[in-house]
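Take a look at the structure set out below.
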Amino acid sequence: MSNKIVTYKGFNKDLTCRDFQFEIGKSYNHEGKVEACGSGFHACECPFDVFSYYPPAESRYAETISFGVTDRKENGDTKIASASITIKTELTLPEFIQRGIDWIWSKIDRSLEQQNMTGDCSAATNTGHRSAATNTGDCSAATNTGYRSAATNTGDCSAATNTGDCSAATNTGYRSAATNTGYRSAATNTGDCSAATNTGHRSAATNTGDCSAATNTGDCSAATNTGDCSAATNTGYRSAATNTGYRSAATNTGDCSAATNTGHRSAATNTGDCSAATNTGYRSAATNTGDCSAATNTGYRSAATNTGYRSAATNTGDCSAATNTGHRSAATNTGDCSAATNTGYRSAATNTGDCSAATNTGYRSAATNTGYRSAAEVSGSQSVAASLGIKGKARASKNGAIVLCYRDEDGELIHIRASKVGENGIEPDVWYQLNESGEFETAK
């Protein structure tokens, strides 16, 4: 058996990787060819390289032992494939970050010229031209392997590293890691126990809070955390992932997108391109899996979700759910405790009152409630549009039906009536309401 290599591995939340189920403490063997990025068990020697494959917002991490036949990409990162692997122990994000710092520190060549060391047990190294590596704290490592770069540590036990050109890696807190492997990028930590990483070009990864991870694996992106214990991640290019609250996750895996949390304990996620997922409340989730969509929560404990493209899911109240599974649709809640849902495309489901449900399962439909505790449903042919709020109105197409009620000014239910289209004088595609006598009349 070949020498054992200490490695680090990322997983999905269920400890799977590429549909293979792992368990902590167990060993696994691969029969057949071992090829990097092709076959075998994959892990990285540098913990920070794992962020490129499993971003902090949606992953779990472990220390592993890779052994047996191994393979790696020439001129690649520290990722290796091995015939056998042991999942040694699971690591929390702060523990994982610390392992990354320790790994960088272990690679410092103390025989190289050291400069600007005002702390103890520190190493400042430049292997490129016109660069500055500076430590003012203790037990830190500032390293430049590119040119015209600056790696700076003013805190203790930190690692600032540039392997690209014209970049700046800065730590003002302690036990942090700021890393640039691309060029013209800036990785900055002003808090403690954080990791700011750029593996693409012209990007900015910034942490001003503690115990956070800001990561860019694409180009021309910005990942920012101003709160604590948060993860801002971009794996596409020209994207922005921002957390100003704490314990939040802002993630972009597509391009040209913006994921933003200004509240606490929230998740803003874009897996498509040119989308915006925003939470200004707390304990909310804004998610786009399609392209060119917007998922927004301004209240708390709400969920805005788009799985189609060119759609908008919006909650301005609390404890609501706005969902689009079709394309070119809009699901909107401006009240509390409501649900607006579109499963077809080019539809609009809207609630402006509280405790309401507006649902479309067909195409090109509109289900709207402006009262409270109401439901308007349209599913195309053979469907029912119901409005049960004050001064509600409804319409249905051919082979459909409507349900209406009449309430007084205090909201007390006086009349309720249903009819198929074609009966009781109800014509298709005409808006109706119920009058105080309980009779259908065309709505104004």
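All the letters of the sequence shown, read from the start, carry residue numbers 8 to 451 under our numbering.
In this text, a Cβ means the ideal position worked out from N, Cα and C, and glycines have one as well.
Could you work out which residue in the options is closest to residue i when comparing CA atoms only?
i, options, result
"Asn-133", "Asn-142, Gly-144 and Ala-149", "Ala-149"
"His-136", "Ala-157, Gly-144, Pro-62 and Thr-339", "Ala-157"
"Arg-254", "Pro-54, Gly-270, Ser-237 and Asp-217", "Ser-237"
"Ala-292", "Cys-281, Thr-449 and Thr-267", "Thr-267"
"Ala-265", "Phe-103, Thr-294 and Gly-342", "Thr-294"
"Gly-39", "Lys-33, Leu-22, Ile-31 and Ala-90", "Ala-90"
"Gly-407", "His-422, Gly-429 and Leu-98", "Gly-429"
"Tyr-154", "Ala-166, Gly-171, Ser-165 and Ala-167", "Gly-171"
"Glu-30", "Thr-71, Ala-329 and Ala-203", "Thr-71"
"Arg-182", "His-37, Ser-246 and Gln-105", "Gln-105"
"His-271", "Tyr-244, Thr-305 and Gly-225", "Thr-305"
"Pro-54", "Pro-62, Phe-48 and Thr-323", "Pro-62"
"Tyr-289", "Thr-278, Tyr-307 and Asn-277", "Tyr-307"
"Leu-395", "Ser-46, Ala-275 and Cys-362", "Cys-362"
"Glu-81", "Ser-147, Cys-44 and Glu-97", "Cys-44"
"Asp-235", "Gly-216, Ala-328, Arg-245 and Gln-389", "Gly-216"
"Asn-286", "Ala-393, Thr-296, Gly-279 and Thr-251", "Thr-251"
"Asn-232", "Gly-360, Ala-425, Asn-196 and Asp-343", "Asn-196"
"His-334", "Tyr-370, Gly-198 and Gly-342", "Tyr-370"
"Trp-438", "Ser-444, Asn-431, Ala-450 and Gly-432", "Ala-450"
"Gln-440", "Arg-414, Glu-419 and Gly-418", "Arg-414"
"Asp-145", "Ala-139, Cys-173 and Thr-179", "Thr-179"
"Gly-207", "Ser-246, Ala-184 and Asn-214", "Ser-246"
Can you list, in chain order, the residues of its chain whose CB lies under 7 Å from that of residue i, leaving out five sequence neighbours each side?
i, result
"Ser-118", "At Ser-118, the pLDDT of 47 sits below 50, so the modelled position is not reliable and the matter cannot be decided from this model."
"Met-8", "Annotation note: pLDDT 41 at Met-8 (below 50); position unreliable, no value reported."
"Thr-93", "Ser-34, Thr-71 and Ile-72"
"Cys-344", "Cys-326, Ser-327, Asp-361 and Cys-362"
Can you tell me whether residue i is helix, strand or coil according to DSSP?
i, result
"Arg-209", "coil"
"Gln-389", "coil"
"Ile-72", "strand"
"Ser-455", "Lying before the first or after the last residue shown, residue 455 is absent from the chain, which here runs from 8 to 451."
"Ser-129", "coil"
"Leu-441", "strand"
"Gln-384", "Position check: residue 384 holds Glu in this sequence, whereas Gln was assumed. Strand."
"Glu-430", "coil"
"Ser-113", "helix"
"Leu-22", "coil"
"Arg-254", "coil"
"Leu-98", "strand"
"Ile-31", "coil"
"Ile-87", "strand"
"Ile-104", "helix"
"Glu-42", "strand"
"Gln-121", "Low confidence applies to Gln-121: its pLDDT is 43, below 50, so where it sits in the model is not reliable enough to give any reading."
Between residue i and the rest of its own chain, which residues show a CB-CB distance below 6 Å, the 5 nearest in sequence each way excluded?
i, result
"Glu-446", "none"
"Glu-120", "Caution is warranted here: a pLDDT of 42 is assigned to Glu-120, below 50, making its placement in the model unreliable, and no coordinate value can be reported."
"Asn-331", "Asn-313, Gly-315, Ser-318, Ala-320, Ala-338 and Asn-349"
"Val-76", "Val-41 and Ala-90"
"Ser-66", "Gly-17"
"Ala-193", "Ala-175 and Ala-211"
"Asn-205", "Asn-187, Gly-189, Ser-192, Ala-194, Ala-212 and Asn-223"
"Pro-101", "Cys-200 and Cys-218"
"Ser-147", "Ser-129, Asn-160 and Ser-165"
"Phe-103", "Pro-54 and Tyr-68"
"Thr-85", "Cys-51, Glu-52, Cys-53 and Asp-56"
Please list, in chain order, all residues of the same chain as residue i whose beta carbon is under 8 Å from its beta carbon, the five residues on each side excluded.
i, result
"Glu-42", "Asp-78 and Ala-88"
"Asn-367", "Ser-336, Thr-348, Asn-349, Thr-350, Gly-351, Ser-354, Ala-355, Ala-356, Ala-373, Ala-374, Glu-384, Val-385 and Ser-386"
"Glu-434", "Val-428"
"Cys-281", "Gly-261, Asp-262, Cys-263, Ser-264, Asp-298 and Cys-299"
"Val-410", "Val-391, Ala-392, Ala-393, Ser-394, Leu-395, Ala-401, Ile-423, Arg-424 and Ala-425"
What residue does the alpha helix (DSSP H) around residue i start on, and which one ends it?
i, result
"Phe-55", "54-57"
Output the boundary residues of the beta strand (DSSP E) element that contains residue i.
i, result
"Val-13", "12-18"
"His-49", "48-51"
"Tyr-35", "34-36"
"Asn-196", "193-196"
"Ala-176", "175-178"
"Glu-448", "447-449"
"Asn-82", "Element bounds for Asn-82: n/a, residue is neither H nor E."
"Ile-409", "408-414"
"Ala-355", "355-358"
"Ala-403", "Note, Ala-403: premise wrong, no beta strand (DSSP E); not H, not E."
"Ala-148", "148-151"
"Thr-188", "No beta strand (DSSP E) holds Thr-188; DSSP gives it neither H nor E."
"Thr-368", "First-last for Thr-368: undefined, no H or E at that position."
"Thr-159", "157-160"
"Thr-375", "373-376"
"Thr-168", "166-169"
Practice problem: Give, in chain order, every unbroken run of the beta strand (DSSP E) that is at least 3 residues long and sits entirely within the segment 285-340. | Solution: Segments of the beta strand (DSSP E) lying fully in the segment 285-340: 292-295, 301-304, 310-313, 319-322, 328-331 and 337-340.
Quiz item: Hey, which unbroken runs of the beta strand (DSSP E) at 3 residues or more fall wholly within the segment 230-281?
Solution: 238-241, 247-250, 256-259, 265-268 and 274-277
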